[in-house]
Each structure stands twice: as structure tokens, then as C-alpha cells.
Amino acid sequence: MTDYSVRRARTSDVPKILALVEPLVTRRILLGKERVDLYGAIQEFRVAETSDGEVIGCGALHVMWEDLGELRTLAAADEWLGRGVGHALVDALERDARELGLSRLFCLTFEVDFFGRHGFHDMGAESVDPEVYAELVRSHDEGVAEFLDLARVKQNTLGNTRMLKVL
11 MTDYSVRRAR TSDVPKILAL VEPLVTRRIL LGKERVDLYG AIQEFRVAET
61 SDGEVIGCGA LHVMWEDLGE LRTLAAADEW LGRGVGHALV DALERDAREL
111 GLSRLFCLTF EVDFFGRHGF HDMGAESVDP EVYAELVRSH DEGVAEFLDL
161 ARVKQNTLGN TRMLKVL
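Pasting the structure below:
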């Protein structure tokens, strides 16, 4: 039995999400997001919260293409690490992906073992069909650039592993 639940995020959660993410941004584990961008993407987020309303984890699913989504901004409060919060968030985001009709999930992470336990594998040089690449490369989204392994994001992603899961 868990002493928290996972739900869709609300706009009132944005300050709590920022508080969770900022220490990881400072340690260069996560890429930073502006408050305005979090509000604009709030519908992509799930949060884990305790029964008394404390937000202890967050994660987002961003649709990148007709069959492809990215798990982003996955974080758990330090005192909740190792208690299944991240796993519960990934499970919820994978359910969301299936509901949207996605068949593949991408993530850029230092947490290779964690995502490996969820069925993700190192993409290596794997990419997409040339026609899809030509469409995706037009995107201004940094996650798409990370997926395509474009040079313009290399300085921000050094040490991260590009991982993929087929649902």
C-alpha cells in the first residue's frame, strides 16, 4: 500500500513542480523549464501527492509525433526516493501514452537503470525514417532535437542517454 496517489496536474501545482525540479536543474540532472512553459504544458503533467496534499513527484508526457511521446521532467522529492513514486508516475504516463495512441516512448536520462526496469533501452544511433526526420527537424521543441540527437542540444545533454520503449 502506498501513502500517496498520482493525479493529473493542475495550474496550482506549477510552483510545487518548480520546487521539485529546481534542485535537479541546479545539479544539471534535469533541463530547466520556465514557469510560463510549465503553465503552457500543465496538461502533460501528472503529480504524485500525499493524502495531505503535498506534491512529492512529477512527470510529463509530451507528444512528439503520431506514434512517439517523450517522458519529461520526472522528479521525486529526495525524502521519497526509493518508495515507488517515480515508478508510479512512469506507469501513469505510460497509460496516458496508450490512451493517446502512442506506441513508442522516448526519454533522455542519467537514470539508465531506472528506465531500463521499465523496458526502455539505449537508442544508440537509432533514429526515424528519413521522411519523418525531415518533418521532425522543423520542430523548435528541444525534446525533438534531443530525440534526433541534433548538435544544437549536445552541450545541454552531455552524459545523458537517449532511451526508447516500445509500448
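Each residue of the sequence shown is one higher than the last, beginning at 11 in our numbering. C-beta atoms are modelled at their ideal positions from N, C-alpha and C, and glycine is treated no differently. Note that the structure is predicted; figures quoted are calculated from it, not measured.
Which whole-angstrom value is the C-beta distance of residue i and residue j, which I expect to be below 8 Å?
i     : j     : result
Leu48 : Leu30 : With a Cβ gap of about 11 Å, Leu48 and Leu30 do not count as contacting.
Between residue i and chain C, is any beta-carbon pair separated by less than 7 Å?
i     : result
Arg93 : Looking for chain C here will not work: only one protein chain is present.
Where does residue i land, buried or exposed, given buried means 16+ other C-beta within 10 angstroms?
i      : result
Gly111 : exposed
Thr119 : buried
Arg37  : exposed
Glu54  : buried
Gly50  : exposed
Could you check whether residue j and residue i sit closer than 7 Å to each other, using their CB atoms as the reference points?
i      : j      : result
Leu91  : Gly69  : no
Phe116 : Phe157 : yes
Val95  : Ala58  : yes
Val176 : Arg114 : yes
Val16  : Leu71  : no
Ile52  : Ala86  : no
Arg56  : Ala102 : yes
In the DSSP output, which residue or residues are listed as bridge partners for residue i?
i      : result
Tyr49  : DSSP, once it has assigned bridges, lists no residue as partnering Tyr49.
Ala86  : Gly67
Met173 : Cys117, Asp132
Ala58  : Val16, Gly67
Glu80  : His72, Phe116
State the Cα-Cα distance for the pair residue i and residue j, rounded to the nearest angstrom.
i      : j      : result
Leu78  : Phe125 : 17 Å
Glu104 : Val122 : 17 Å
Met133 : Leu81  : 15 Å
Met173 : Glu145 : 21 Å
Ile66  : Glu76  : 31 Å
Thr171 : Val35  : 17 Å
Glu44  : Glu64  : 22 Å
Asp62  : Val46  : 27 Å
Glu5   : Met74  : Residue 5 lies beyond the residue range present for the chain, which begins at 11 and ends at 177; the question has no answer from this structure.
Tyr14  : Gly42  : 26 Å
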